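J.: So the sequence shown is numbered by numbering that gives the first Met the number 0: it starts at 0 and just counts up by one. Every residue gets a Cβ at the ideal spot worked out from N, C-alpha and C, and that includes glycine. As the structure is a prediction and not an experimental result, all values here were calculated from the model. Got a structure here, written out as structure tokens. Questions coming.
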Amino acid sequence: MKKQTYDNVLPNTYIPILSKKTLYSILARLSKPSLVEFIHLWPKLTNTQPHIPANTSFTQHEFNAKVSRDAREFKKTIHKLHKKQIIDRIIYSYWYKGLNLLQLSQIDCQLMVDRPNSYVWGYSVVKDMHDQEVSVLLDPGKFLDQLALQLSKLYLSYVYVCRHPKFPMILVRIQVFDLQTNQITTGYNRARPHISSHRPYFFAIPLNSPHIIQSSGGDMIHNIVMEVMERSLPQNKNNLLKLHTPENQKPIKSLESMHILKGNSRFSNSLGSWMAYADNIVDMLPLEPTEKHKALAPIEPDNHDIDRLKRIANLRFKGSQSGKLKSEKLFDDNRKERKRKNTYYNVSDDEENQDDQENNVVSEFASIVPIQYSEFLIREKVNDERTSIKFKLSGTDVFAGLHELSVKTANPEEMIVNPEEIPSWLTGEEGASIGQIIDSKFYSN
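Structure below.
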């Protein structure tokens, strides 16, 4: 289907006026393999052709071939190259006029793969006129056209839509621009940009889910973009859809965590000790002999008290004695495995130098859904009156921290957290929910 064009929508090939220093900072966020893959990919795309150097006899086809050959050489010697060398080639040799909006959008979306904790996320719920949750099924092309149409009525804008290479979700990057009214075209100010850009906003739309995940915002532009997103949903005039954003949610710094909690993962409602059911290690096949059920398996003796504590803690926090998952994927994905020409590069397929890597050492206590903030209001009866205590937890993975504390010592007098006595709402069972504890039971807000 031919792509629609609208007024006030910037083209893929528009090059924002950015300094070399700014471009370097943008590219430096990516891993070396991703940078090299973009050098290899962009010459193949019509809208991202490299810029032919002045005073050379290259044709566009010849220069494209040269850049592609260089990229293949970079792949062979990637461990010997410094990231700065690769970036310098991009901004001084291959795309010396600057990167266009399509390239900048691809870089931002690749960053979600290279460094999944780079953004902070919240969520909204799609509901119909009867206040019932509705799963969203989008056609990316039609959705892109509708977004562009709605935004073009309000702002100069650019919208980019793609599929996440790992998760079954659609990624949307929206950037709006303001015209510079006091434009001066003489002297030093000649190079000033004629438009100014607001920071991009990102949305992740899981397949077969009523939730839409969005990057953090709250300013006026973000609220307008949210309204445009709502109007761009596939609507039925007899049952209009709306977006509801819960006010009591706390942002989560992991797109994978948000996808497990708000996507189509069977683990979303089976965390903590219930994780074993989502991991399919409790139930057995109908025709399997009952004597092989895990409940009848002999209990291995513990040589030390601390080993016993670790097994109990693993059961409470992760649903199994080992604390390890059997499932390779924590979500349902019915997409066909196929090679896409414009797929994003997966850094896990290549080794990198340590200075390019984030800390990839995974703690044995790490949660499958790292939560950075949790809050509980404990209301218990004392002398016929209810007292209220607000209990807040914050950190990079708060329930992993409690898990680790629970196995620090086997001495009951020195224990900070006892894995046998810790309430279930402190083991991560409730995910990112914020709620009240009344008579030892959790009630979500």
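Starting from the N-terminal side, write out each stretch of the alpha helix (DSSP H) that is 4 residues or longer and does not extend beyond the region 61–112.
T.: Listed in chain order, the complete alpha helix (DSSP H) runs (minimum 4 residues) inside the region 61–112 are 82–87.
J.: Per the DSSP calculation, L170 is bridged to which residue(s)?
T.: On the sequence shown, position 171 is the one that residue 170 refers to. Answer is C161 and A203.
J.: Helix, strand or coil, according to DSSP, for L17 in the structure here?
T.: The sequence position of residue 17 within the sequence shown is 18, counting from 1. In the structure shown, L17 sits in coil (DSSP, three-state: anything other than H, G, I, E or B).
J.: Roughly how many angstroms lie between the CA atoms of H60 and K317, to the nearest whole one?
T.: As a first step, residue 60 must be located in the sequence shown, where it is residue number 61. As a first step, residue 317 must be located in the sequence shown, where it is residue number 318. In a straight line, the C-alpha of H60 is about 55 Å away from that of K317.
J.: Tell me the residue span of the alpha helix (DSSP H) that contains L401.
T.: The count along the sequence shown starts at 1 and reaches residue 401 at position 402. Looking at the DSSP string, the run of the alpha helix (DSSP H) that includes L401 is V397 to L404.
J.: Across which residues does DSSP place I377 in a beta bridge pair?
T.: Numbered from 1 along the sequence shown, position 378 holds the residue referred to as residue 377. Its beta-bridge partners are I388 and I436.
J.: Grab me the residues of Q145's own chain with a C-beta within less than 7 Å of its C-beta, minus the 5 sequence neighbours each way, in chain order.
T.: As a working note, residue 145 is residue 146 in the sequence shown. Within the same chain, Q145 has close Cβ partners S231.
J.: Nearest CA to the CA of K31: which residue from R114, F166, Q48 and W94?
T.: For the purposes of this step, residue 31 is identified with residue 32 of the sequence shown, where counting begins at 1. It is R114.
J.: Where does the unbroken beta strand (DSSP E) through V124 begin, and where does it stop?
T.: By one-based count along the sequence shown, residue 124 stands at place 125. Counting along the chain, the beta strand (DSSP E) containing V124 begins and ends at W120 to K126.
J.: For my contact list, N263 and S326 are in at a C-beta cut-off of 8 Å; report their separation, rounded to the angstrom.
T.: Taking the first residue of the sequence shown as 1, we reach residue 263 at position 264. Taking the first residue of the sequence shown as 1, we reach residue 326 at position 327. Going by Cβ atoms, the distance from N263 to S326 rounds to 14 Å, so no, they are not a contact pair.
J.: Would a C-beta distance cut-off of 9 Å place P52 and V66 closer than the cut-off?
T.: Position 53 of the sequence shown, counted from the first residue, corresponds to residue 52. Position 67 of the sequence shown, counted from the first residue, corresponds to residue 66. The answer is no: Cβ separation not under 9 Å.
J.: What number of angstroms, rounded off, separates the C-alpha of A70 from the C-alpha of S269?
T.: The sequence position of residue 70 within the sequence shown is 71, counting from 1. The sequence position of residue 269 within the sequence shown is 270, counting from 1. Near 45 Å, if we compare the C-alpha coordinates of S269 and A70.
J.: With DSSP run on the structure shown, which of helix, strand or coil describes S264?
T.: For the purposes of this step, residue 264 is taken as residue 265 along the sequence shown, with counting starting at 1. Three-state DSSP puts S264 in coil, outside helix and strand.
J.: Which same chain residues, not among the five before or five after L74, have their C-beta less than 7 Å away from its C-beta?
T.: For the purposes of this step, residue 74 is taken as residue 75 along the sequence shown, with counting starting at 1. As written in the sequence, residue 74 is Lys, which differs from the Leu given in the question. These residues qualify, in order along the chain: V35.
J.: Leaving aside the five residues before and after S321 along the sequence, list all residues of the same chain whose C-beta is less than 7 Å from its C-beta, in chain order.
T.: As a working mapping, residue 321 is identified with position 322 in the sequence shown. N313.
J.: Where do the N-terminal and C-terminal ends of the beta strand (DSSP E) with Q213 fall, by residue?
T.: Taking the sequence shown and counting its residues from 1, the one referred to as residue 213 is at position 214. It spans H210 to S214 - the beta strand (DSSP E) in which Q213 sits, taken as one unbroken run.
J.: For the pair the region 6–26 and the region 153–161, tell me if three or more CB-CB distances fall below 8 Å.
T.: The answer is yes - the region 153–161 touches the region 6–26, with three or more Cβ pairs under 8 Å.
J.: Out of H210, D130 and L101, point me to the one whose CA is closest to C161's CA.
T.: Here residue 161 corresponds to residue number 162 of the sequence shown, with the count starting at 1. Nearest option by C-alpha distance: L101.
J.: Taking 8 Å as the limit between beta carbons, can you name the residues of its chain near G394, skipping five residues before and five after?
T.: Residue 394 sits at position 395 when you count from the first residue of the sequence shown. Excluding residues within five positions, the ones whose Cβ falls inside 8 Å are Q371 and G400.
J.: Any contact of the region 76–93 with the region 168–179, i.e. 3+ C-beta pairs under 8 Å?
T.: As far as the Cβ criterion goes, the region 76–93 does not touch the region 168–179, which means the pair count is below three.
J.: Along the alpha helix (DSSP H) that carries H39, what are the first and last residues, could you check?
T.: Stepping through the sequence shown from its first residue, residue 39 is reached at position 40. Counting along the chain, the alpha helix (DSSP H) containing H39 begins and ends at K31 to L40.
J.: Within 10 Å of its beta-carbon, does T58 have 16 or more other beta-carbons around it, so buried, or fewer, so exposed?
T.: Position 59 of the sequence shown, counted from the first residue, corresponds to residue 58. Exposed, because fewer than 16 other Cβ atoms sit within 10 Å of the Cβ of T58.
J.: Under the three-state reduction of DSSP, which class applies to H243: helix, strand or coil?
T.: Translated into the one-based positions of the sequence shown, residue 243 becomes position 244. Looking at H243 - three-state DSSP - the assignment turns out to be strand.
J.: Can you give the Cα-Cα distance for D278 and P199, rounded to whole angstroms?
T.: Along the sequence shown, read from residue 1 onward, the residue named residue 278 stands at position 279. Along the sequence shown, read from residue 1 onward, the residue named residue 199 stands at position 200. Roughly 37 Å between the two C-alpha positions.
J.: Whole angstroms is fine: what's the gap from P250's alpha carbon to Q174's?
T.: Within the sequence shown, residue 250 is the residue found at index 251, counting from 1. Within the sequence shown, residue 174 is the residue found at index 175, counting from 1. Spanning the two alpha carbons is a distance of roughly 21 Å.
J.: Grouping DSSP H, G and I as helix and E and B as strand, with all else coil, what is T342?
T.: What you label residue 342 is simply residue 343 of the sequence shown in a count that begins at 1. Note that T342 scores a pLDDT of 38, beneath 50, so its modelled location is shaky; the value from the coordinates is reported in the next line. DSSP places T342 in coil when its eight states are reduced to three.
J.: Per DSSP, F176 forms a beta bridge with which residues?
T.: On the sequence shown, residue 176 is found 177 positions in, with the first residue counted as 1. Paired residue(s): L155 and S196.
J.: In whole angstroms, what separates the C-alpha of D431 from that of I220?
T.: For this step, residue 431 is matched to residue 432 along the sequence shown. For this step, residue 220 is matched to residue 221 along the sequence shown. Correcting the residue type first, residue 431 is Ala in the shown sequence and not Asp. The straight-line gap from Cα to Cα measures roughly 27 Å.
J.: Assign A451 to one of two classes, buried (16 or more other C-beta atoms within 10 Å of its C-beta) or exposed (fewer than that).
T.: In this structure the chain extends from 0 to 444, so residue 451 is not present and cannot be described.
J.: Compute the beta-carbon to beta-carbon distance between I25 and L103, rounded to the nearest angstrom, for a pair I have assumed lies under 8 Å.
T.: Here the question's residue 25 lines up with position 26 in the sequence shown. Here the question's residue 103 lines up with position 104 in the sequence shown. Yes, I25 and L103 are in contact; Cβ-Cβ is about 7 Å, under 8 Å.
J.: Between D438, K407 and F390, which lies nearest to E384 when the distance is taken from Cα to Cα?
T.: Translated into the one-based positions of the sequence shown, residue 384 becomes position 385. Comparing Cα-Cα distances from E384 to each of D438, K407 and F390, the minimum goes to D438.
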